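First up is the structure itself, then whatever we jot down about it.
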Amino acid sequence: MDAVTISLTLDLSKRNSTLNEITRLRQTENNSTTLKATVLDHNKEIDLSQCSAELHFKKPNGEICVQAAQIEDNDVVCTLSNESTAISGNAEAYFQICNKDKTIVNTTDTFYLQILPGLMPVNKIENELQPIDLHTLSNNNERKAEWI
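Residue numbers for the sequence shown follow this note's numbering, beginning at -15 and rising by one.
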């Protein structure tokens, strides 16, 4: 199965931030989401052939991570790392574009991601309650399942 590619149009003038919908992905999907951004400057495509790019990503818990991106066919392409999608919630990101010699640095519009919770089994310690866990309770030989 190939990675899901999400296409974005981002402007260095930061005037078109409302063009992009919220991107949704699932927590801990291992390297399965690729962002492909067409970068504009005042609605005109720019030449990125001599540039480098990084993804600056603010996780739902407020932690910032920076990840290298590639320039492919004049688009910025970045496959989200497992670290970026480890925490569910709302995240925000932008691409930083640099000349090869790093003399000019610019950033794109901010775009938003919603990382949906993944349902993963919990390795329980015996008799320790978990936040979302189905326990079997015993009451006078009557057994029932209850969400706690």
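We put the beta carbon where it would ideally sit given N, CA and C, even for glycine.
The model shown is predicted, which means the values in this text are computed figures rather than measured ones.
Measure from the alpha carbon of C82 to the alpha carbon of each residue in K43, E38, P44 and L103, then state which is nearest.
-> E38
Original post:
Between A(-13) and T17, which are expected to be in contact by the criterion C-beta below 8 Å, what is the C-beta distance as a whole number of angstroms?
Top reply: 6 Å
key: Straight-line gap, I132 to L103 (C-alpha atoms, nearest Å)   = Because I132 sits at a pLDDT of 48, beneath the cut-off of 50, its placement in the model cannot be relied upon, and the following sentence gives the value as read from the coordinates. Distance between the alpha carbons of I132 and L103 is about 16 Å.
- Query: How close, in whole Å, do the beta carbons of S72 and Q11 come, if the pair is a contact with beta carbons under 8 Å?
  - Reply: Sure, about 5 Å apart at Cβ, within 8 Å.
With distance defined between alpha-carbon atoms, name the residue in C35, I99, T92 and N14 nearest to A21. T92
Inset, instruction - Would you mind sorting S(-9) into buried or exposed? The rule is 16 or more other CB atoms within 10 Å of its CB. - result: exposed
Between N15 and S68, what straight-line distance do the alpha-carbon atoms span, to the nearest angstrom? Going by the C-alpha atoms only, they are around 10 Å apart.
Around the Cβ of K43, are there at least 16 other Cβ atoms within 10 angstroms (buried) or fewer (exposed)? buried
Give a yes or no on whether the C-beta atoms belonging to T94 and Y78 are separated by under 8 Å.
Taking 8 Å as the Cβ cut-off, T94 and Y78 qualify as a contacting pair.
Nearest to Q54 by CA position, among N27, H40 and S36, is which residue?
-> Measuring from the Cα of Q54, the nearest candidate turns out to be S36.
Which of helix, strand or coil does DSSP assign to G102? coil
- Could you check where the beta strand (DSSP E) with R8 kicks off and where it finishes? T7 to R10
- Query: Are there 16 or more other CB atoms within 10 angstroms of the CB of T87, so buried, or fewer, so exposed?
  - Reply: exposed
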